[in-house]
Amino acid sequence: MIIDPSKQDLRANYKLLIGAVLPRPIAFVSTVDADGNPNLAPFSFFTGATPAPPTVVFAPLRRFSDGQEKDTLCNIRATGEFVVNVVTEDIVELANDTAMEFAPGVSEFAETGLTPVPCEVVKAPRVGESPISMECKLIQVVDLGPEAAGGGSLVIGEVLRFHVRDDLIEDGRIDTGALHPVGRLAGAEYTTLGRRFTLERKR
Ligand SMILES: Cc1cc2nc3c(=O)[nH]c(=O)nc-3n(C[C@H](O)[C@H](O)[C@H](O)COP(=O)(O)O)c2cc1C
Numbered sequence: 075m076i077i078d079p080s081k082q083d084l085r086a087n088y089k090l091l092i093g094a095v096l097p098r099p100i101a102f103v104s105t106v107d108a109d110g111n112p113n114l115a116p117f118s119f120f121t122g123a124t125p126a127p128p129t130v131v132f133a134p135l136r137r138f139s140d141g142q143e144k145d146t147l148c149n150i151r152a153t154g155e156f157v158v159n160v161v162t163e164d165i166v167e168l169a170n171d172t173a174m175e176f177a178p179g180v181s182e183f184a185e186t187g188l189t190p191v192p193c194e195v196v197k198a199p200r201v202g203e204s205p206i207s208m209e210c211k212l213i214q215v216v217d218l219g220p221e222a223a224g225g226g227s228l229v230i231g232e233v234l235r236f237h238v239r240d241d242l243i244e245d246g247r248i249d250t251g252a253l254h255p256v257g258r259l260a261g262a263e264y265t266t267l268g269r270r271f272t273l274e275r276k277r
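When the letters of the sequence shown are read in order and numbered with the numbering used here, they come out as residues 75 to 277.
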């Protein structure tokens, strides 16, 4: 089957994207608004980009309900900062809860009981229960698509600090098995790590 995305609506194209690009890692993004109120939300259109400088990218879409930008993006535009916290099996249910639409200014930390821990160089707190957090400075927001539902933005950030729980790192390598990361699939489905295998790079 060949599908021309210009011949179908944004929800149908969204379903193809989330079904084709997976499993996706989840950026659990903490920010503060201009008044310092914290906000927390998961984003699975997320990846790392370059190591020099260490760069991460994620994509907050406009809300399907009203076409407005999400609080996370508004806060990043206002402050130029954010924190990416890694979602693990221990906190995935709470991370899922933070994706509810709370009014701007409502703290998802307070709503879920997750612990806001002060960061070293950015104002937003990190999630104390997450074993890895990345303090980020905004490099650029790239707006994509219409200023309406279906459009969105790419947020590109430079990692200024990595916080890694001590027992997870040895010789600079993170112990994937001990981390218990969670990925997002299509719809409401998530995944944990399945069978892992190694393929050596051919020269
Ligand atoms: C696991 C998971 C992944 C998500 N990934 C994205 C994403 O990549 N982009 C997006 O715009 N929304 C995504 N969402 C929805 C947002 O988290 C949700 O709209 C949230 O309310 C936004 O919060 P905010 O308005 O406080 O920024 C995801 C939700 C979940 C549960």
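Just so it is clear, CB atoms sit at the ideal spot from N, CA and C, and this is done for glycine as well. Owing to the predicted nature of the structure, the values given are computational and were not obtained by experimental measurement.
- For the pair serine 227 and valine 157, the CB atoms are not nearer than the 7 Å cut-off.
- The beta carbon of asparagine 87 sits closer than 7 Å to those of Pro79, all from its chain and outside the five residues before and after it, given in chain order.
- Note on phenylalanine 271: under 16 other CB atoms within 10 angstroms of its CB, so exposed under the neighbour-count rule.
- The three-state secondary structure of threonine 146, taken from DSSP, is helix.
- Arginine 200 and alanine 260 have their C-alpha atoms roughly 27 Å apart.
- Between asparagine 149 and aspartate 217, the C-beta spacing is not below 7 Å.
- Beyond the five residues adjoining it in sequence on each side, threonine 129 comes within less than 8 Å, by CB distance, of Gly122, Ala123, Ile213, Ile230, Gly231, Glu232 and Val233 in the same chain, given in chain order.
- For arginine 85, the enclosing alpha helix (DSSP H) stretches over residues 84-94.
- Between the C-alpha atoms of serine 118 and glutamate 244 there is a straight-line separation of about 27 Å.
- Excluding sequence positions up to five before and after lysine 89, its CB lies within less than 8 Å of the CB of Ala260, all in the same chain and listed in chain order.
- Distance from the CA of arginine 247 to the CA of aspartate 240, rounded to the nearest whole angstrom, comes to 11 Å.
- Short of 8 Å from the beta carbon of cysteine 210, and not among the five residues preceding or following it, lie these beta carbons of its own chain, in chain order: Val130, Glu155, Phe156, Val157, Val158, Val196, Gly231, Glu232, Val233 and Leu234.
- Every alpha helix (DSSP H) stretch that sits fully inside the segment 138-185 and reaches 4 residues is listed by chain position as 145-153 and 166-171.
- Valine 95 has its alpha-carbon roughly 18 Å from the corresponding atom of aspartate 83.
- In the three-state reduction of the DSSP assignment, aspartate 241 falls in the helix class, which pools H, G and I.
- Per the DSSP secondary-structure output, alanine 198 pairs with nothing in a beta bridge.
- If you look at threonine 250, you'll find it in the alpha helix (DSSP H) that goes 250-253.
- In this structure, ligand 1 has no non-hydrogen atom nearer than 6 Å to the beta-carbon of leucine 259.
- By the criterion of a C-beta distance shorter than 6 Å, serine 204 is surrounded in its chain by Asn159 and Val160, once the five residues flanking it on both sides are discounted.
- Arginine 98 places its beta carbon less than 7 Å from that of arginine 258.
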